[in-house]
Amino acid sequence: MSPNLFSLSRSAYRQCSAHRQGGSALIIGIFVITVMFLLAAALINIVEDADTGLTQEVWGTRALAAANSGADAALAQLFPLNAPANATATCTSVASSWTPPNVVGFHACSVTLECTRYFVGSVIQYHIKSQAVCESGDTRVSRQVEVEARGN
Numbered sequence: 002m003s004p005n006l007f008s009l010s011r012s013a014y015r016q017c018s019a020h021r022q023g024g025s026a027l028i029i030g031i032f033v034i035t036v037m038f039l040l041a042a043a044l045i046n047i048v049e050d051a052d053t054g055l056t057q058e059v060w061g062t063r064a065l066a067a068a069n070s071g072a073d074a075a076l077a078q079l080f081p082l083n084a085p086a087n088a089t090a091t092c093t094s095v096a097s098s099w100t101p102p103n104v105v106g107f108h109a110c111s112v113t114l115e116c117t118r119y120f121v122g123s124v125i126q127y128h129i130k131s132q133a134v135c136e137s138g139d140t141r142v143s144r145q146v147e148v149e150a151r152g153n
């Protein structure tokens with residue numbers, strides 16, 4: 002049984018009170034360690050997600066640059082600089098794919114091209130679609146660029 006607190010002297014009361022609180026420091030310590038562990042785990046997840054987002058952004062920028070370069074290459078094939086003045090552009094001169102140069106920015110990227118010819122009144126229009134896919138391991142990013150040009 003617990004001693005009668007009214008009959009105890011002041012020093013005996015302090016000893017009895019301290020005895021009752023002896024395990025609370027251990028429980029508080031375990032609680033603090035658990036909270037710190039949970040905060041550390043959450044921080045690790047946040048950093049990992051940020052790293053994945055940055056990787057996606059870098060590969061997305063590479064894919065966009067490859068798609069833009071593919072559209073430029075298709076326009077160069079459609080309207081070559083050394084073509085005679087009376088030459089007519091045709092979509093058959095545009096290849097179905099374009100191989101990016103072997104440089105770091107275009108590493109592991111492939112580009113497919115589509116060219117469509119149509120008329121607006123008496124004017125010939127060309128619609129070029131360039132789609133680039135860049136991949137590395139589990140990361141795969143695709144970007145598409147569409148360009149329209151007028152023919153002669």
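Going by our numbering, the residue at position 26 of the sequence shown is 27; the numbering climbs one at a time, nothing skipped.
Just so it is clear, CB atoms sit at the ideal spot from N, CA and C, and this is done for glycine as well.
This structure is a prediction, so every number in the text was calculated from the model and none was measured.
With fewer than 16 other CB atoms across the displayed protein chains lying within 10 angstroms of its CB, residue 39 is exposed. Less than 8 Å divides the Cβ of residue 72 from the Cβ of residue 146. In the three-state scheme derived from DSSP, where H, G and I count as helix and E and B as strand, residue 84 is classed as coil.
Boundaries around residue 70 are those of the alpha helix (DSSP H), 25-79, since no beta strand (DSSP E) includes it.
Going by beta carbons, residue 150 and residue 127 fall inside the 8 Å limit. Spanning the alpha carbons of residue 46 and residue 53 requires a straight line of approximately 11 Å.
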